[in-house]
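Asks: The structure's right below; bear with me while I get my questions together.
2 protein chains.
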Amino acid sequence: MSDLRHDPIQRRWVIIAAERGQRPSEFKLAPEEKKGGFCPFCYGNEHTTPPEIFALRQEGARDTSGWGVRVVPNKFPALRIEGGLNRTGVGLYDRMNGIGAHEVVIESPSHTDCFPDFAADHIDRILSVYQARLNDLNGDQRFRYLLVFKNHGSIAGASLTHPHTQIIATPITPRTVAVELQSMKDHYMFKERCLVCDIIAQELDAGVRVVSATEDFVVIAPYASRFPFELFIAPRRHAHDFLTCEGGMRQGLAATLKDTFTRLRASLNDPPYNFVFHIAPSIGNQPHRPGYWQTLAYDFHWHIEIIPRLTKMAGFEWGTGFYINPTSPEEAAKYLREVEI
Amino acid sequence: MSDLRHDPIQRRWVIIAAERGQRPSEFKLAPEEKKGGFCPFCYGNEHTTPPEIFALRQEGARDTSGWGVRVVPNKFPALRIEGGLNRTGVGLYDRMNGIGAHEVVIESPSHTDCFPDFAADHIDRILSVYQARLNDLNGDQRFRYLLVFKNHGSIAGASLTHPHTQIIATPITPRTVAVELQSMKDHYMFKERCLVCDIIAQELDAGVRVVSATEDFVVIAPYASRFPFELFIAPRRHAHDFLTCEGGMRQGLAATLKDTFTRLRASLNDPPYNFVFHIAPSIGNQPHRPGYWQTLAYDFHWHIEIIPRLTKMAGFEWGTGFYINPTSPEEAAKYLREVEI
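From first to last, the protein sequence lines are chains V and R.
Residue numbers for the first sequence follow the numbering used here, so the first one is 52 and each next one is one higher.
Residue numbers for the second sequence follow the numbering used here, so the first one is 52 and each next one is one higher.
The following block contains the structure:
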């Protein structure tokens, strides 16, 4: 089982997943992409993944073909579902067992189609699958946070090319989310308004960093973007919980995602990217003792962060928290607004 | 001039250096390493860099050959030295001018020699040059923090192969440093001991994460390492200020660095890496109004962080602050201790 360890200097939790990992000597080999090889996510290979957790299917039995979106456990999970947390001290350090969930949402049977290729209706179905899994995982009291994220392209960390999203349930609230929860709470205490609602109002007024805006959603290049073409997608009306995004609103999000990823692909030649859903921390269906961060959940404004992986200049940022972005968000937004799609 | 912008959600400053950067269309081209081409850092090409700021030289006039270590301004600086900060609000955002310094320390005349190749005496000279520049930059009251870091290899962000270190002076304290300052202050308030001194004592006692220890320095793989073979080098006796590391102690650090980088190269086939000096924030020679972080400087324990760039799995970490490390620090430390050098 992996170990969750707390860094007392940087105040963050790290998963030490040694059983998942390479031996030191393996780092000497440059990793090679397997091309044209076997794909466990394609039709006919369902028996090669761990047993299916969930699927939207037209036909066929569990773990056979005929599905439209399929969810399976990660074969090499960073966190495992069985067991107790066993939170303990190790001298001045803190640790707990690597308990959690690590699932893979296979977005479609197509080995190559991706968000710009999918019909908006299919993206809506994918979003409904995220929500079904979040709803289910919310019921587990051990989990404090549910991470929905995607790595597209090997530079962005994807080890399989077949389009998929990952969901990780963790027993801690990640630091990035914790900072956002605190910022939004503090702004609310100071202004009695939501920070993200205020940002959206200012951005729509200024216009220069807006990529697109529909009735329900806005896509902006953030004022202090860390990376070229970094994007921020948020509902225009305050909502702390992505699970309330249903019906026509979720269809609107699907259309916005299709439009946004189509613009990115057209502008930047199918760039590698990561996206991360920033949602309020899991409160659980029967919380017997909410954590501090859970108590801030209602002041949160959920959003999606997209980070294209265009620059190599991101080395020392890990040591400093300091980012140098060579492309202004105004320029990125203009480019994405005006690209022909 | 570049813009320093504050992200109110993530509470961090970002440099928007659009003048330095690529146009959006340039990201479409995969960047190519130039091999065997012209090197502005080699002997004979001194006139192609901006005029020299500092040099240790045996012979020759300024901006000619004959130097052993040479410091020049970065030709494409992220921050510029001339001007005032002009800190202002932009609606609910904050910004200031991109004022600072961005220097390059050319570590030796050799185009290929690096830390494992240098004599310890030469590394000591390089360290003395870092200190000379830090001393000089400390005199500028506009600067709140001085960053010393190195990108080795193109994957780690080095755009020129000739070995060099960078120094950036910033008018803000980077968030990573701020978190460390606060952790160390809080630990001191709670325990009346230094957090890093406590960590070093525990690590030397446990032994399993220690790579090497001399009279003055310890090299450990941190308990909650984010990355495989991440290393932490710190003085064994409390010191907040790297500038006090002089004479025999600095020679000891030089020997430790040579040993550590030799072990990394032997273990991991010359991996790309970043190192970052974590030093107390600049107090300035004549501080008229120290910032909050400056007031915590004395409880800080300076150290060096080394991050080998071995995994591609670091995409979504930028969106979450959440790290999955496939190699335990115990395994990394053992491997580095036992490698034949």
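Ideal Cβ placement from N, Cα and C applies to all residues, glycine included.
So which of R:A220, R:T346, R:G204, R:T221 has the shortest CA-CA distance to H213 of chain R?
Replies: Each of R:A220, R:T346, R:G204, R:T221 was checked against the Cα of H213 of chain R, and the nearest Cα belongs to R:G204.
Asks: What does Y349 of chain R touch in chain V if you count any residue whose Cβ is under 9 angstroms from its own?
Replies: Simply none; closest approach about 17 angstroms.
Asks: Identify every run of the beta strand (DSSP E) within the stretch 155-220 of chain R, keeping only runs that are complete inside it and at least 3 residues long; order them along the chain.
Replies: Listed in chain order, the complete beta strand (DSSP E) runs (minimum 3 residues) inside the stretch 155-220 of chain R are 196-203.
Asks: Under the three-state reduction of DSSP, which class applies to P380 of chain R: helix, strand or coil?
Replies: helix
Asks: Any C-beta of chain R sitting closer than 8 angstroms to the C-beta of S179 of chain V?
Replies: no
Asks: Using the Cα positions of I219 of chain R and F241 of chain V, report the straight-line distance between them to the nearest angstrom.
Replies: Taking the Cα positions, I219 of chain R is about 34 angstroms away from F241 of chain V.
Asks: Taking buried to mean at least 16 other C-beta atoms within 10 Å of its own C-beta, is E83 of chain R buried or exposed?
Replies: Any reading at E83 of chain R is ruled out, since the residue's pLDDT is 44, under 50, leaving its predicted position unreliable.
Asks: Taking the Cβ atom as the reference point for each residue, do T313 of chain V and I284 of chain V lie within a distance shorter than 8 angstroms?
Replies: In this structure, the beta-carbon distance from T313 of chain V to I284 of chain V does not fall below 8 angstroms.
Asks: Kindly indicate which residue of R:P359, R:T295, R:L387 has the alpha-carbon position closest to the one of H352 of chain R.
Replies: R:T295
Asks: Helix, strand or coil for E368 of chain V? Go by DSSP, reduced to three states.
Replies: helix
Asks: Distance check for E154 of chain V and L361 of chain V, CA to CA, integer angstroms please.
Replies: 27 angstroms
Asks: CB-CB under 8 angstroms to R244 of chain R, same chain, minus the five flanking residues each way: which ones, in chain order?
Replies: Take R244 of chain R, set aside five residues on each side of it, and the residues of its chain with a beta-carbon closer than 8 angstroms to its own are H238, in chain order.
Asks: Skipping 5 residues on each side, what residues in its chain have a beta carbon closer than 6 angstroms to that of S64 of chain R?
Replies: Going by the sequence as given, residue 64 of chain R is Trp instead of Ser. Excluding residues within five positions, the ones whose Cβ falls inside 6 angstroms are L55, H57, I223.
Asks: Determine the direct distance from the alpha carbon of E382 of chain V to that of N320 of chain V, and round the result to whole angstroms.
Replies: Approximately 17 angstroms between the Cα atoms of the pair.
Asks: For the candidate residues R:I250, R:T311, R:E356, R:T139, whose alpha-carbon lies nearest to that of F328 of chain R?
Replies: Distances from the alpha-carbon of F328 of chain R to those of R:I250, R:T311, R:E356, R:T139 put R:E356 closest.
Asks: Measure the alpha-carbon distance for L188 of chain V versus L197 of chain V and round it to whole angstroms.
Replies: 8 angstroms
Asks: So the candidates are V:V390, V:T265, V:S379, V:I251; which of them puts its Cα closest to the Cα of P59 of chain R?
Replies: V:I251
Asks: Could you have a look at A81 of chain R and say whether DSSP puts it in helix, strand or coil?
Replies: At A81 of chain R the pLDDT is 41, less than 50, meaning the model places this residue with poor confidence; the figure from the coordinates comes in the next sentence. If DSSP states are grouped into helix, strand and coil, A81 of chain R belongs with coil.
Asks: Out of R:I358, R:S379, R:K385, R:R388, point me to the one whose CA is closest to A207 of chain R's CA.
Replies: R:I358
Asks: On the DSSP letters alone, give me the boundaries of the alpha helix (DSSP H) that T313 of chain V sits inside.
Replies: 298-319 is the extent of the alpha helix (DSSP H) around T313 of chain V.
Asks: For H162 of chain V, count neighbouring Cβ atoms within 10 angstroms of its own Cβ and tell me buried if that reaches 16, exposed if not.
Replies: exposed
Asks: Looking at C-alpha atoms only, which residue of V:L387, V:N376, V:V390 is the closest neighbour of F67 of chain R?
Replies: For clarity, residue 67 of chain R is Ile in the given sequence; the question names Phe instead. Per the Cα distances, V:N376.
Asks: Is the Cβ-Cβ distance between T100 of chain R and V123 of chain R less than 8 angstroms?
Replies: yes
Asks: Taking a cut of 9 angstroms between CB atoms, which residues from the stretch 215-239 of chain R lie near chain V?
Replies: Q217, I219, T221, I223, P225, R226, T227, V228, A229, V230, E231, Q233, S234, M235, H238
Asks: Would you please state the rounded distance, in angstroms, between the beta carbons of V180 of chain R and V156 of chain R? I believe it to be under 8 angstroms.
Replies: That pair is a contact at about 6 angstroms.
Asks: Report buried or exposed for R113 of chain V, applying the criterion of at least 16 other Cβ atoms within 10 angstroms of its Cβ.
Replies: exposed
Asks: Who are the neighbours of D249 of chain V on chain R, taking C-beta pairs under 7 angstroms?
Replies: Within chain R, the residues near D249 of chain V are L143.
Asks: Taking its Cβ as the centre, do 16 or more other Cβ atoms sit within 10 Å of K126 of chain R, making it buried, or is it exposed?
Replies: exposed
Asks: Once you ignore the five residues that flank A290 of chain V on each side, which residues in its own chain have a CB closer than 8 angstroms to its CB?
Replies: C296, H352, W353
Asks: Can you name, in chain order, every residue of its own chain whose Cβ lies under 6 angstroms from the Cβ of A317 of chain R, other than the five neighbours on each side?
Replies: V390, I392
Asks: Check whether the Cβ of Q182 of chain R lies closer than 8 angstroms to any Cβ atom in chain V.
Replies: no
Asks: Which residues share a DSSP beta bridge with H153 of chain V?
Replies: DSSP output for H153 of chain V lists V:I219 as bridge partner(s).
Asks: Would you decide whether S159 of chain V is buried or exposed? Buried here means 16 or more other CB atoms lie within 10 Å of its CB.
Replies: buried
Asks: Ordered along the chain, which non-local residues of its own chain (more than five positions away) have a Cβ less than 6 angstroms from that of I177 of chain R?
Replies: Excluding positions up to five away in sequence, the list reads V120, E158.
Asks: For chain A, is any of its Cβ atoms less than 8 angstroms away from the one on A106 of chain V?
Replies: The chain inventory of the structure shown lacks chain A, comprising the protein chains V and R.
Asks: Would you kindly report the start and end of the unbroken beta strand (DSSP E) that includes D350 of chain R?
Replies: No beta strand (DSSP E) holds D350 of chain R; DSSP gives it neither H nor E.
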